[in-house]
Amino acid sequence: MLLEVTGLHVRYGRTHAVKAVDLHVAEGEIVTVLGANGAGKTSLLRALHGAVKPAGGSIRFAGDDLTAQSSAERVTRGMMLVPEGRQIFVSMSVHENLLMGAYLRRDGDWARDLKSVYDRFPNLAERRDMPASVLSGGEQQMLAIGRALVSRPRLVMLDEPSLGLSPLFVNNLFNLIKELNRDGISILLVEQNTAMALEVASRGYVLELGSLVLEGGADALAGNAALAEAYLGDHAAKPEPDAA
Amino acid sequence: MSGYWSGILTILSINIIMAYAIFLPVATGQLNLGGAGFQAVGAYGAAFLSSKYGLSVWETIPFAMALTALVSFLIAFPLLRTKGVYLVLATFAFAEVVGGAILNSTMLGGPMGLSVPAFVEYQVPVLGALLVTIFIFYLMATRFGLVMRAAHDDDVVTDLMGVNVRGIRVAAFTIGGALAGLAGALYAHSFSFVEIQGFNASLSIYVLLYVLLGGTQTAWGPLAGALFFTMLPEALRVALPALKGWMGLAMGFQGARTAPDESWRFVILGILTVLMMMFRSEGLITRVMVEKLRFRHHAVRLARVDAPA
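Residue numbers (numbering that gives the first Met the number 0), protein chains in the order written: chain A, 0 to 243; chain B, 0 to 308.
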């Protein structure tokens with residue numbers, strides 16, 4: 000098992016954001032985590048990449064317990080997060096943004112990975128020395144993903160990558176996710192775009208108010224009308240009683 | 000060279016070094032409004048060794064730099080726990096503490112100040128400013144410089160890339176401290192006298208203004224800011240009487256005129272500062288501007304890429 004999360008709890012003060020979550024991602028899999036706003040998806044990712052210390056449970060990656068390890072240690076071992084909202088370094092050039100992804104690379108091969116990112120995204124290669132702030136929204140998302148790829152990850156975690164992108168670009172994005180997966184990268188995809196996410200993923204989990212309420216094969220989840228009604232429909236995004 | 004110009008060059012050099020001292024923390028996203036305090040530590044460190052033990056400048060300057068770096072390193076840990084305006088206030092408070100401590104220290108001369116026997120000609124601060132400028136340009140081109148700018152843009156994502164953001168900020172703060180110590184030591188040896196009244200809040204504010212108005216995105220910014228704000232009052236010293244003369248002529252005023260009051264220079268300086276903040280809040284020199292100049296040939300290359308084969 001590549002990623003194995005057992006009984007994970009995340010608390011912010013009295014808010015219990017993630018409650019006893021168990022999930023796993025096998026090598027080569029695309030797994031999606033679905034849920035409305037405030038379901039605890041981002042808190043789960045923050046715990047996975049080490050920005051918050053879990054209040055309980057364990058995170059194992061490729062057999063090693065990383066629960067108490069730093070973000071840097073997780074990146075070195077091959078976990079990388081593409082944060083929500085295409086958070087790129089706006090005052091830096093496209094090239095410098097990509098270099099940041101290679102920050103922890105000590106092997107000599109990072110330059111080759113950088114080149115393969117440029118090959119994959121010719122738009123970025125053309126804009127190599129331009130400030131990242133002039134890129135379009137879609138190009139910025141490519142840059143954020145490219146930056147993650149330069150770290151040579153085994154598992155890429157994407158936090159709502161389709162948010163705010165045009166429908167055409169959302170299509171490209173999901174094709175790209177499939178392509179990365181074919182190249183051997185495992186994917187943990189956190190999404191609100193349920194239909195698209197279940198199309199590319201093989202399995203899925205549904206979070207509600209911090210707890211897992213459903214899990215199963217993507218096809219089964221996609222066919223689950225109750226799921227759409229209860230947890231993922233538009234009305235589910237309305238404010239709900241806080242988990243506290 | 001006249002005494003006037005060597006004096007200006009000395010002040011300009013010290014201001015450039017101070018601007019870079021404050022630029023380093025600012026480049027990692029940490030505003031430092033305690034410049035005068037750090038400079039005072041270096042100035043008094045050098046002055047004390049020179050007056051008490053008769054050491055040469057080649058001994059006092061490294062000592063002053065090491066002392067200020069050490070002080071900066073030690074206070075960086077509690078200081079950098081605070082953010083935004085609280086950090087600004089904390090650094091300001093640090094400078095006040097340094098000022099108060101020196102004022103009450105008989106060993107350091109208290110309000111009487113210390114005279115500094117070892118004297119340096121203006122060439123020494125000029126050389127110092129030159130070396131510091133080269134060092135900063137080099138530093139900003141390294142991996143460390145890249146990560147500093149990343150921490151400035153977005154510390155959360157920088158951390159995500161596996162960077163120890165806190166370590167980077169402490170390092171930038173400490174190197175900045177060493178530079179402030181250098182500026183202080185050069186001040187002490189250039190003017191042969193230090194008194195704590197010279198290291199006041201307005202010095203801290205001016206030095207931060209050099210950086211913020213010059214531009215924080217590239218190493219050119221502090222240089223431009225320090226040049227502009229050091230030379231502008233001097234230029235106005237000459238231009239102001241002429242300006243009053245023309246105004247008088249235009250209004251048909253005849254006869255002898257008194258020279259305008261000195262303080263008008265600072266009124267004009269203040270107005271220019273406000274205008275800068277309104278119309279060019281990211282500073283005089285921006286990254287995009289530098290890139291445009293540097294990569295003019297690159298635009299041609301891009302055009303070739305876009306053109307059909």
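Beta carbons: idealized from backbone N, C-alpha and C, even for Gly.
What does Leu159 (chain B) reach in chain A if we use C-beta pairs closer than 7 Å?
Here the neighbours are His48, Ser70, Leu80, Pro82.
Proximity to Arg168 (chain B) [Cα-Cα], best of B:Ser12, B:Tyr3, B:Leu23
Closest by alpha carbon: B:Leu23.
Taking DSSP as the reference, what is the three-state secondary structure of Phe192 (chain B)?
Reduced to three states, the DSSP call for Phe192 (chain B) is strand.
Val51 (chain A) at chain B interface by Cβ criterion, 8 Å
Not an interface residue.
Start-end ranges of the alpha helix (DSSP H) lying completely within the segment 64-137 of chain A, minimum 4 residues
Fully enclosed alpha helix (DSSP H) runs of 4 or longer: 70-76, 93-100, 109-119, 121-125.
Quick one, which residues of the segment 146-179 of chain B are near chain A if we go by CB-CB under 9 Å, in chain order?
Within the segment 146-179 of chain B, the qualifying residues are Val146, Arg148, Ala149, His151, Asp152, Asp153, Val155, Val156, Thr157, Asp158, Leu159, Met160, Gly161, Val162, Asn163.
Nearest candidate by alpha-carbon position, reference Arg151 (chain A), set A:Glu138, A:Phe168, A:Ser185
Closest by alpha carbon: A:Ser185.
DSSP puts Ile58 (chain A) in a beta bridge; with which residues?
In DSSP, Ile58 (chain A) forms a bridge with A:Val4.
On the criterion of 16 or more Cβ atoms from any shown chain inside 10 Å, does Asp153 (chain B) qualify as buried, or is it exposed?
Burial is judged here by how many other beta carbons sit within 10 angstroms of a residue's own beta carbon; Asp153 (chain B) has at least 16 and is buried.
Using the DSSP secondary-structure output, state which residues sit across from His23 (chain A) in a beta bridge.
Partner(s): A:Glu3.
Report the CB separation of Ala150 (chain B) from Gly28 (chain B) in whole angstroms; it is logged as a contact under 8 Å.
Between Gly28 (chain B) and Ala150 (chain B) the Cβ distance is about 6 Å, and since that is below 8 Å, they are a contact.
Under 9 Å from the C-beta of Glu290 (chain B): neighbouring residues of chain A
Those are Ser92, Asp128, Met129, Pro130, listed as they occur along chain A.
Whose CA, out of B:Ala20, B:Phe76, B:Leu268, lies closest to the CA of Leu235 (chain B)?
Taking only the C-alpha atoms, the option nearest Leu235 (chain B) is B:Leu268.
Burial state of Tyr102 (chain A) (16 or more Cβ within 10 Å):
Within a 10 Å sphere around the beta-carbon of Tyr102 (chain A) sit 16 or more other beta-carbons, which makes this residue buried.
Using beta carbons (cut-off 8 Å, strictly below), is Val84 (chain B) in contact with chain A?
No, no contact with chain A.
Assign Met111 (chain B) to one of two classes, buried (16 or more other C-beta atoms within 10 Å of its C-beta) or exposed (fewer than that).
Answer is exposed; the Cβ neighbour count stays below 16.
Beta-carbon neighbours of Arg279 (chain B), restricted to chain A and to distances below 8 Å
Within chain A, no C-beta atom comes less than 8 Å from the C-beta of Arg279 (chain B); the nearest is roughly 15 Å away.
Can you name the residues that DSSP bridges to Lys14 (chain A)?
Sequence inspection shows Thr at residue 14 (chain A); the Lys mentioned does not correspond to that position. A:Tyr11, per the DSSP bridge assignment.
Examine chain A for any beta-carbon lying closer than 8 Å to the beta-carbon of Val287 (chain B), and answer yes or no.
Yes - at least one Cβ of chain A is within 8 Å of the one on Val287 (chain B).
Give the residues of chain A in contact with Gln29 (chain B), contact being defined as C-beta atoms less than 8 Å apart.
The contacting residues do not exist; Gln29 (chain B) stays about 16 Å from chain A at best.
Could you have a look at Asp182 (chain A) and say whether DSSP puts it in helix, strand or coil?
Shown here, Asp182 (chain A) sits in coil according to DSSP, grouped into three states, outside any helix or strand.
Taking 8 Å as the cut-off, does the segment 78-86 of chain A touch the segment 141-160 of chain A (at least 3 CB pairs, one atom from each stretch)?
Short answer: they touch.
On the criterion of 16 or more Cβ atoms from any shown chain inside 10 Å, does Phe278 (chain B) qualify as buried, or is it exposed?
The residue is exposed, with fewer than 16 neighbouring Cβ atoms inside 10 Å.
Per-residue contacts from Gln216 (chain B) into chain A (C-beta, under 7 Å):
Taking the beta carbon of Gln216 (chain B) as reference, the chain A residues within 7 Å of it are Ser90, listed in sequence order.
Which residues of chain B have a Cβ atom closer than 9 Å to the Cβ of Leu206 (chain A), listed in chain order?
Here the premise fails: no neighbours, minimum Cβ distance about 21 Å.
Contact set between Gln86 (chain A) and chain B, taken where Cβ atoms lie within less than 8 Å
Chain-ordered, the chain B residues with CB closer than 8 Å to the CB of Gln86 (chain A) read Asp153, Val155, Val156.
Alpha carbon to alpha carbon, how far is Ala92 (chain B) from Ile195 (chain B)? Give it in angstroms, no decimals.
In this structure, the alpha-carbon of Ile195 (chain B) lies about 15 Å from that of Ala92 (chain B).
Can we say the segment 17-27 of chain A touches the segment 36-56 of chain A, given the rule of at least three CB pairs closer than 8 Å?
Touching, yes, given that three or more Cβ pairs across the two stretches are closer than 8 Å.
Can the beta-carbon of Met64 (chain B) be found closer than 8 Å to that of Gly180 (chain B)?
In this structure, Gly180 (chain B) lies closer than 8 Å to Met64 (chain B) by Cβ.
What would DSSP say about Val155 (chain A), mapped onto helix, strand or coil?
Three-state result, Val155 (chain A): strand.
For chain B, check one thing: does any of its Cβ atoms lie closer than 8 Å to the Cβ of Tyr117 (chain A)?
No, its Cβ sits nowhere closer than 8 Å to a Cβ of chain B.
For Ile13 (chain B), count the other beta carbons within 10 Å of its own beta carbon; 16 or more makes it buried, fewer makes it exposed. Which is it?
Under this definition Ile13 (chain B) is a buried residue.
Would you report the Cα separation of Glu28 (chain A) and Val133 (chain A), rounded to the nearest angstrom?
Cα-Cα distance, rounded: 34 Å.
Whose C-beta lies closer than 7 Å to the C-beta of Asn199 (chain B) among residues of the same chain, with five residues either side of it excluded?
For Asn199 (chain B), same chain residues with a beta-carbon under 7 Å away, outside a window of 5 residues either side, are Ala35 in chain order.
Evaluate the contact criterion for the segment 181-195 of chain B versus the segment 212-224 of chain A: three or more CB pairs, one atom per stretch, below 8 Å.
Judged by Cβ distances under 8 Å, the segment 181-195 of chain B makes no contact with the segment 212-224 of chain A, as fewer than three pairs qualify.
So, helix, strand or coil for Glu95 (chain B), using DSSP?
Of the three classes helix, strand and coil, the one that applies to Glu95 (chain B) here is helix, per DSSP.
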